[in-house]
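Report on the following structure.
2 protein chains.
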Amino acid sequence: MWEPPKPFTILNRGLIEAAAALLEEGGPAAVTLREVGRRVGVSHNAPYKHFADKEELLAAVAAAELRRGRDSVLRLRRGHAAVEAVRLMLHAYAREAIRHPEMFRLTYGPWRNGSAELASAADDARASLVQSVTAAQADGELPAGDPERLTALLLALAHGASDLALSGHLARKGKGHADPADLIDDLLAQLTAH
Amino acid sequence: MWEPPKPFTILNRGLIEAAAALLEEGGPAAVTLREVGRRVGVSHNAPYKHFADKEELLAAVAAAELRRGRDSVLRLRRGHAAVEAVRLMLHAYAREAIRHPEMFRLTYGPWRNGSAELASAADDARASLVQSVTAAQADGELPAGDPERLTALLLALAHGASDLALSGHLARKGKGHADPADLIDDLLAQLTAH
DNA sequence: ACCTGAACACCGTTCAAGT
DNA sequence: ACCTGAACACCGTTCAAGT
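Which chain is which? The protein sequence lines are A and B, in order. For the first sequence, the tail end lands on 194 under my numbering, and the numbers increase by one without skipping. For the second sequence, the tail end lands on 1194 under my numbering, and the numbers increase by one without skipping.
The structure is reproduced here in structure tokens:
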């Protein structure tokens, strides 16, 4: 079942970057293998020598983004108290979602073939957050309990607020006007004032 | 700018129902105008006399689903204490998301042309939830504060937990094993024990 | 007014052939 | 081993023509 990861050739990386750029510009429908090939300077079906199909190319784009997210989370852990690191991580999550909606939707979208590479990149990113949550609990800044479950609560709120904001379903247009960052702070305030 | 809603002809309703069935069976890609037409018994471009394009047909599917959601929310308000109604509404939200992933993703997905019909259906559904939240606040069962914002917090969590569960990003496979319903109850417990 | 069949442009994927 | 060009099946959309 398990396959060793292919080496990252120059072309491989170029295809992923071209696909990511097209995704950002016009969504998944704009990521055509013909345009990807054209931008990299190969024929429209050269990608098939590196990826089984279009979905696998997009999965590689998503995995690269998840690795970037994990590295960003690791950077935030240094130089901040644990609970503040958690707050900054969740804010960064929402900020990136709003700034790059197409990448956000791709990364957390539906994957028919559960790529192992994708799953492990996501696990790594979440594990960093779990560590900071655990440290914040040890500091008495977050309520005790299963840290995985508390992390899931925090992540679910940050994710849901971001996704609803993107689709315009977060609040009525004139009213309230709470953005994802506000809701993250609301939840943390409720959790710290227990 | 504003256009009067077209009358709901038999064919119109049939097209929407056929599109919804195809969506459930195989996602948005399976909703081809050719197959929709075939199931209803018309040619593959008869739908263009009722909807400007494929996206407008899918928007009508989403709007119908949002209206169903609003009616379901209204039913839950009767016969329950306010805070319990809120809890049941959020649980129903997550249950429907898990049971009908494609419809969930469509309903809360990206809409390039902000259909007024879609927006008002969503506003109606959320307004019912806001009313129950307000009543629960008056009962002293939920913390005081802007009810729109508190509703956004609750909805964002239910939405995010559902969406992450669907994409398998809610928690590591073996660990924690919190499902959306658990997280909803966790949040409500934190809010009521203030 | 509403529908049909043909046609167009486009895309993912396959394949025989090249180096 | 990797790439190319042609080809296939499919789809959204348009359009001239029918009733």
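Backbone N, C-alpha and C fix where the C-beta goes; we use that ideal spot for every residue, glycine too. All figures in this text were calculated on a predicted structure; none of them were measured in a lab.
query, result
"Beta-carbon proximity of B:P1180 to B:A1094, cut-off 8 angstroms", "yes"
"C-beta contact flag for B:P1047 and B:L1057 at 8 angstroms", "yes"
"Beta-carbon spacing of A:G69, A:A125 below 8 angstroms", "yes"
"Start-to-end residues for the alpha helix (DSSP H) that takes in A:L142", "First-last for A:L142: undefined, no H or E at that position."
"Within-8 angstroms CB hit, B:Q1137 to chain A", "no"
"Proximal residues of chain A, C-beta to C-beta of B:H1169 below 7 angstroms", "Y108, A122"
"Pick from B:A1018, B:H1177, B:A1144, B:D1071 that is closest to A:L150, judged by C-alpha positions", "B:H1177"
"B:V1133, DSSP secondary structure in three states", "helix"
"Selection from B:S1128, B:W1111, B:L1118 that minimises the alpha carbon distance to B:L1088", "B:S1128"
"Proximity test, Cβ basis, 8 angstroms: B:R1070 and chain A", "no"
"With 16 other Cβ atoms within 10 Å as the buried cut-off, status of B:I1010", "exposed"
"Segment contact flag, the stretch 1019–1027 of chain B with the stretch 1096–1106 of chain B, C-beta cutoff 8 angstroms, min 3 pairs", "yes"
"DSSP-derived helix/strand/coil call for A:S167", "coil"
"Residues of the stretch 1051–1071 of chain B whose Cβ lies closer than 9 angstroms to any Cβ of chain A, in chain order", "none"
"Rounded straight-line distance, which links the Cα of A:N12 to that of A:A62", "14 angstroms"
"4 or more residues per run - each alpha helix (DSSP H) lying fully within the stretch 32–120 of chain A", "33–40, 54–77, 82–99, 101–107"
"Alpha-carbon spacing of A:L187 relative to B:A1193, whole angstroms", "14 angstroms"
"Rounded separation between B:G1079 and B:A1116 - CA only", "32 angstroms"
"Per-residue contacts from B:A1189 into chain A (C-beta, under 7 angstroms)", "Correct list: empty, because the minimum Cβ distance to chain A is about 10 angstroms."
"Rounded separation between B:E1055 and B:G1109 - CA only", "12 angstroms"
"Counted within 10 angstroms of its Cβ, other Cβ atoms place A:A136 as buried (16 or more) or exposed", "buried"
"8 angstroms contact criterion, which A:P143 and A:L191 should meet: CB distance rounded", "6 angstroms"
"Range covered by the alpha helix (DSSP H) that runs through B:T1192", "1180–1192"
"Residue burial classification, A:A85 (beta-carbon count within 10 angstroms, cutoff 16)", "buried"
"A:H91 to A:I184 span [Cα, whole Å]", "7 angstroms"
"Cutoff 8 angstroms: A:W2 Cβ touching any chain B Cβ", "Confidence is the limiting factor: at A:W2 the pLDDT is only 37, short of 50, which leaves the residue's position unreliable, though a coordinate-based value still follows. No, A:W2 does not count as interfacial toward chain B."
"Separation of A:E35 from B:G1168, as counted between CA atoms", "31 angstroms"
"Reduced DSSP secondary structure (H/G/I, E/B, other) of A:T151", "helix"
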